[in-house]
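According to the numbering used here, the stretch in the sequence shown is residues 1381 to 1581, in order.
Note that CB positions come from ideal geometry on N, CA and C, so glycine has one too.
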Amino acid sequence: EGKILLVNLSRGKIGLQNSALLGSMVVSRLLLTAMSRAWDTEQSRRDFFLYVDEFQNFTTESFETILSEARKYGLILIIANQHLAQLRAMGRMGDKIERAVFGNVATMISFRVGTDASTIANELGEPTEPLTLRNLENRYAVTKMLVKDAPASPFTMKTAEWIYPTDEEIKHGFEIKDLARKRGRPLAEVEDEIRSRYQNL
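In structure tokens form, the structure reads like this:
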């Protein structure tokens, strides 16, 4: 329906096991939803975005499938975590997920990193050195891109300077916020509706 779904899985509020279980269920359900588009025409598959912070907490076997297959069904995946050791601590499944992450990436951009410098330097390829990645200045990054479907040599880039928004852009931003609030529903109303659904089961 083109709506935004926010799922708060704070471990401090609901506990470690509950957070992992609910997160895995939500991610798996979204994967199934994406895969169900196999019966739709490619032109009718509207892109939708799944953002997963601290994704290693919700990793299941389905994550490997998401990384390798869901893209063609219009699922764009944005995953974040702190460092690769969080995956490696998961054992074999973490190793599979790490391989799937690096194996399905076309363009790589690395800003300054710490303990993962050796792994990322290896993925970027020569002439990238781990020491280079550890000592990059702010807003500098090493990038490897696909050029005509072939990987090009990595190069160093600098991000654009921050440009403060104009008064007109700030005004437009507030207008967008106001329109978004008018489309939404009060949180208490949504929670009451969810509770009523489960009570009627």
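Excluding sequence positions up to five before and after F1438, its CB lies within less than 7 Å of the CB of A1400, G1403, S1404, V1407, V1432, all in the same chain and listed in chain order.
Taking a contact to require three or more Cβ pairs closer than 8 Å, the stretch 1416-1426 and the stretch 1390-1398 do not qualify as touching. Note on A1450: 16 or more other CB atoms within 10 angstroms of its CB, so buried under the neighbour-count rule. Judged by beta-carbon spacing, A1521 lies within the 8 Å limit of F1491, meaning their Cβ atoms are closer than that value. For the 8 Å CB-CB criterion, A1497 and R1519 do not form a contact. With 16 or more other Cβ atoms from the protein chains shown falling within 10 Å of its own Cβ, Y1453 counts as buried. Its chain contains P1545 as the residues whose beta carbon lies nearer than 8 Å to that of G1553, once the 5 sequence neighbours on both sides are disregarded; these appear in chain order.
For a cut-off of 8 Å, the C-beta gap from Q1423 to M1470 is around 38 Å, too long to register as a contact. With a cutoff of 8 Å on beta-carbon distance, D1475 and I1456 are scored as not near each other. Of the residues R1409, L1559, L1447, A1568, the one whose Cα lies closest to the Cα of G1483 is L1447. For N1398 against E1434, the beta-carbon gap comes to about 15 Å, at or over 8 Å, which does not count as contact. Residue pairing by DSSP puts A1521 in a beta bridge opposite M1537. Shown here, Y1431 sits in a strand according to DSSP, grouped into three states.
I1556 counts as exposed, since fewer than 16 other beta carbons sit within 10 angstroms of its beta carbon. Burial is judged here by how many other beta carbons sit within 10 angstroms of a residue's own beta carbon; F1535 has fewer than 16 and is exposed. DSSP, reduced to helix, strand and coil, places V1407 within a helical segment of the structure shown. For the 8 Å CB-CB criterion, T1499 and A1465 do not form a contact.
Proximity to T1440 across E1478, F1429, R1425, H1463 peaks at E1478, based on C-alpha coordinates. In the three-state reduction of the DSSP assignment, L1385 falls in the coil class, being assigned neither a helical nor a strand state.
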